[in-house]
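Beneath this line is the structure, given in structure tokens, with notes to follow.
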Amino acid sequence: MVRFSIHARLLVVASLVLAGFLGLTGLVLEQAYRASAEKAMKERLESQIYGLLAAAEEDQQGRLSLPRLLSDPRFNRPDSGYYAQVSGAGGGFSWQSASMVGRQLSFLQPTPPGQRRFHQPQNGDLLAISFGVSWEDFEANETDYVLAVAIDLSPHQQQIEAFRNTLFLWLGGVSLLLLLIQGLVLRWGLTPLRTVAVELEAIESGRSEQLQGRYPLELTRLTNNINSLIQHAQARQKRFRDSLGDLAHSLKTPLAVLQGLADRDPPLSPEEHAILEDQVQRMNQIVAHQLQRAAASGRTTLTSGVPLKPTLQRLARSLDKVYREKGVERQIEVSDKLLFHGDEGDLMEILGNLLDNAWKYGRSQVRVGAGQRAGRLEIHVEDDGPGIPADQAQAVLMRGKRLDQQLPGQGIGLSVVQDIVEAYGGTLSLASSTLGGADVSLSLPLATDRSV
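Residue numbering for the sequence shown is 1 to 452, as defined by the UniProt record's numbering.
Below, the structure written as structure tokens:
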């Protein structure tokens, strides 16, 4: 199947529309000119009839009579294209103009006195008008006459043909000029799309990293989303490399310990067996953490929104069952309209870790709030637990670091949350809550602006 460019499609469609419009315009103008010329000709015939009637006189017998020569010289010149005749009752010709040598207006229809009619022969070469009059002689006898004037249409048709040729010649020239202007306008209008294609080719070849041009409002959403995809793809590659590097580096020490234990000839003592189990557990934690980081690296902000409140309520109900003996009093102050623009699994991972920490370390109260501010989604999870000292806020975000070693856990929850949040271009911060415990705050960018 042949594929046409946008420029070619628009140019073909616009050309067809322009050709149709100009052709229709030409036909309308031609018909209007023809109608106007025909109306003017009929008015001219009417004026000639009135002139002929004004020249009529009575002869000695009281009958209608006209001079041999009329005041309009065109009626006095043979084959001039202007003809006049007067016919009496019974259709006999009583008078003809000098121009009607060898001609007869036999196509005229009877015209009653006081009426006028227009006539045209079958070949259409003449247009005539007839006017019926009733002439009273000296003896008060009335005689009906029909005065007729005819015009040769050949000059009129030639004039219309000349007008048509001139009209379509000018319309053709105007259409070519408009097509040229139209092509230039389309080329100029589609320049931003060609620029996008050139910049994407530069990105593909490695000469550039982002779309950097200034684009019209209609393309802003497209270019912003493309840049967002590029940024996430670059971040994903970097995080995969970092995760693999961290995984390899983190496993060196546990593997060395295991290798040392494996090389020993005597069987393992209980202490050495405990060391072995501890190293295996550490390796499992490291692998789980790095896999979480690798998964978080592939996130994108172009997914549809996930309702925030139902997810919070579902997690809260589950945690109420897990920590039933604590009887945690929870407050969820979140609007039903708030959306998280990302993967639902990421949202569950983020909120699951934060709420689990709040239920785990809080004494009896947990408060969750969320809202929009400055184009970002803000989420706060507070508890009334022991809190986090300011000098150790950064330490708890480190992999495997926990302030309370007595409660079960691997110490990688907040680290995973931070990795996922950063993958979305957000931030995670720790502070003291008004409830007396910790206040974990998330700030995530909202979806790409869609008001183009």
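In this text, a Cβ means the ideal position worked out from N, Cα and C, and glycines have one as well.
These numbers come from a predicted model, not from an experiment.
Segment limits, alpha helix (DSSP H) that includes residue i
i: R77; result: Per DSSP, R77 belongs to no alpha helix (DSSP H) and is neither H nor E.
i: L377; result: Premise fails: L377 lies in the beta strand (DSSP E), R376 to D383, not in any alpha helix (DSSP H).
i: Q85; result: Looking at the DSSP string, Q85 is not in any alpha helix (DSSP H); the run it does join, the beta strand (DSSP E), is Y82 to S87.
i: L435; result: That residue, L435, is in no alpha helix (DSSP H); it is neither H nor E in DSSP.
i: L308; result: L308 to V322
Cβ distance (whole Å) where residue i is taken to contact residue j below 8 Å
i: D384; j: G436; result: 5 Å
i: L377; j: L315; result: So it is not a contact: roughly 17 Å between Cβ atoms.
i: L127; j: M41; result: 6 Å
i: I388; j: A438; result: 5 Å
i: K321; j: S364; result: At roughly 16 Å, the Cβ-Cβ gap does not stay under 8 Å, so K321 and S364 are not in contact.
i: residue 475; j: A370; result: The question about residue 475 has no answer, for the chain in this structure spans 1 to 452.
i: residue 487; j: R77; result: For the chain, the structure presents residues 1 to 452; residue 487 sits outside this window and is missing.
Close beta carbons around residue i, own chain, < 6 Å, minus the five adjacent residues each side
i: V306; result: F340, E344 and L347
i: V366; result: V328, R330, A358 and D383
i: T111; result: R117, S130, G132 and V146
i: A202; result: S208
i: F163; result: Y33
i: L64; result: A56, W135 and Y145
i: L171; result: L22 and G26
i: R9; result: none
i: Y323; result: W359
Run of the beta strand (DSSP E) containing residue i, from where it starts to where it stops
i: Q331; result: E329 to E333
i: R117; result: R116 to H119
i: S36; result: It is not in any beta strand (DSSP E) - S36 instead sits in the alpha helix (DSSP H) that spans I6 to A55.
i: A358; result: Taken as a continuous stretch (DSSP letters only), A358 belongs to no beta strand (DSSP E), being part of the alpha helix (DSSP H) at E344 to Y361.
i: I160; result: Counting along the chain, I160 falls outside any beta strand (DSSP E), though it belongs to the alpha helix (DSSP H) covering S154 to G189.
i: V101; result: Where V101 is concerned, there is no enclosing beta strand (DSSP E), given that its DSSP letter is neither H nor E.
i: R373; result: Q365 to R373
i: S97; result: Note, S97: premise wrong, no beta strand (DSSP E); not H, not E.
i: L428; result: T427 to S432
i: V133; result: L126 to E136
i: L339; result: L339 to H341
Residue i to residue j span [Cα, whole Å]
i: D169; j: N224; result: Residue 169 is actually Leu in this sequence, not Asp. Taking the straight line joining both Cα atoms gives about 49 Å.
i: V133; j: L69; result: 21 Å
i: Q410; j: S335; result: Its pLDDT being 34, under 50, Q410 is placed unreliably in this model, and the coordinates cannot settle the point.
i: D152; j: Y83; result: 8 Å
i: V146; j: L45; result: 14 Å
i: residue 480; j: L312; result: Because the chain in this structure spans residues 1 to 452, residue 480 falls outside the shown range and cannot be described.
i: L66; j: T25; result: 48 Å
i: S15; j: L179; result: 7 Å
i: L229; j: I420; result: 16 Å
i: V368; j: A423; result: 23 Å
i: P121; j: V149; result: 14 Å
i: L428; j: Q372; result: 16 Å
i: Q158; j: K39; result: 17 Å
i: P270; j: I332; result: 49 Å
i: L444; j: G375; result: 9 Å
i: L29; j: A19; result: 15 Å
i: K401; j: V381; result: Any answer about K401 is weak, because its pLDDT of 47 lies below 50 and its placement is not dependable; what the coordinates show is given next. About 20 Å.
i: L222; j: V196; result: 10 Å
i: L190; j: A233; result: 28 Å
i: L193; j: K238; result: 30 Å
i: L351; j: S432; result: 19 Å
i: V198; j: V17; result: 31 Å
i: E58; j: D72; result: 21 Å
i: G102; j: G173; result: 47 Å
Burial state of residue i, where buried means 16 or more other Cβ atoms lie within 10 Å
i: I6; result: exposed
i: K360; result: buried
i: D79; result: exposed
i: E161; result: exposed
i: W135; result: buried
i: Y50; result: exposed
i: F75; result: buried
i: residue 453; result: As displayed, the chain neither begins before 1 nor continues past 452, which places residue 453 out of reach and without an answer.
i: E349; result: buried
i: S87; result: buried
i: Q85; result: buried
i: G213; result: exposed
i: Q96; result: buried
i: L244; result: exposed
i: S415; result: buried
Cβ of residue i within 9 Å of any chain B Cβ
i: P110; result: Protein chain content of the structure displayed is limited to a single chain, and chain B is not contained in it.
Own chain partners of residue i with C-beta closer than 8 Å, once the 5 adjacent residues on each side are dropped
i: L200; result: L211 and I226
i: G183; result: L11
Residues near residue i by beta carbon distance below 7 Å, same chain, minus five either side
i: P155; result: G81
i: G362; result: V328, D383, D384, G385 and G437
i: G114; result: G132
i: F107; result: H119 and P121
Residue i beta carbon near the ligand ZN (any heavy atom closer than 8 Å)
i: G114; result: Summarising the ligand content, the structure contains no ligands, and the ligand ZN is consequently not present.
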